[in-house]
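Note that the numbering used here has the sequence shown beginning at 3, numbered continuously upward. Heads up, the beta-carbon is just placed ideally off N, CA and C, and yes, glycines get one too. Take a look at the structure below.
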Amino acid sequence: MESDKLLAYNKAIDELATKPTYPNNADSILNAWKVFNRDAVVLADTNLNASVKYNLGRMYAQKNVDSSKFYLQQGLELVEQGSDFLAVKARIYTGMGNLAYSETLEHQANYYYNKAAIIVLADSTVKLSDMSKAIMLLSASQSNKNLQQYSLAYKMDLAAFKLMPKLPPNSVNQQRVLVQLIIDIY
């Protein structure tokens, strides 16, 4: 019975996470995440709890960087020490990297981007979409390139290149892979 309840929560959280956010529904989606963030079942399950924290951080990223950072750090505290929860851990690292990059903290951004990319490179079974994996690898590559870590940037671009056939046709990230590889070579 307990596993059925967790499956239902996982499904509801996944559906909310994939729901497109527009100006006319952003507040209701944010409120739905806040409801999940107070739910006893969610709070008792590390993966669900960290996923909700990540999504709250994602929702606040455009409006309130401090709140975004607060929720992402809470999510990271839940999952960072364990070897489980790799998908949510990679998402949180990427979110932290994005926030650090927006605050021009390039070395800190690089640290988080590389942590996310290492998860993608180390475990091919991590439950992330191919698009998410490619974005994480490309973000780390670009950050490494900016810090003149060219061999690491090239390694991550090659890994993203291998994902290219799995990306949607005409995806901007297909072109991004090729552009970054060309820049790596020259």
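- Assignment of S126 by DSSP, reduced to helix, strand and coil, places it in the coil class.
- Exclusion of the five residues before and after K135 leaves V122, L165 as the residues of its chain whose Cβ lies within less than 7 Å of its Cβ.
- A Cβ-Cβ separation of about 16 Å leaves N27 out of contact with L58 under the 8 Å criterion.
- Around the beta carbon of Q144, 16 or more other beta carbons lie within 10 angstroms, which makes this residue buried.
- Pairing K55 with A92 gives a Cβ-Cβ distance that is not under 9 Å.
- Non-local C-beta neighbours of K147 in its own chain, meaning closer than 6 Å and more than five positions away in sequence, comprise A155, ordered along the chain.
- A Cβ-Cβ distance of about 15 Å is found for the pair L45 and N12, leaving them out of contact under the 8 Å criterion.
- Straight through space, the alpha carbons of K168 and R60 are spaced by roughly 25 Å.
- Burial of A89 is indicated by the presence of at least 16 other C-beta atoms within 10 angstroms of its C-beta.
- In this structure, the straight-line span from the alpha carbon of A14 to that of Y188 is close to 46 Å.
- With 16 or more other Cβ atoms inside 10 Å of its own Cβ, S141 counts as buried.
- Annotation: the continuous alpha helix (DSSP H) that includes Y152 extends over 152-165.
- Cβ neighbours of S70 within its own chain (closer than 7 Å, five residues either side excluded): G59, Y62, A63, L101.
- Taken in chain order, the complete alpha helix (DSSP H) segments of 4 residues or longer contained in the segment 95-139 are 108-124.
- Counting every other CB atom within 10 Å of its CB across the protein chains shown gives I184 a total below 16, marking it as exposed.
- The alpha-carbon of V181 is positioned some 37 Å away from that of W35.
- Here the alpha carbons of G97 and L149 stand approximately 19 Å from one another.
- Ranked by how close their Cα comes to the Cα of T127, the residues F87, Q110, S153 have F87 in first place.
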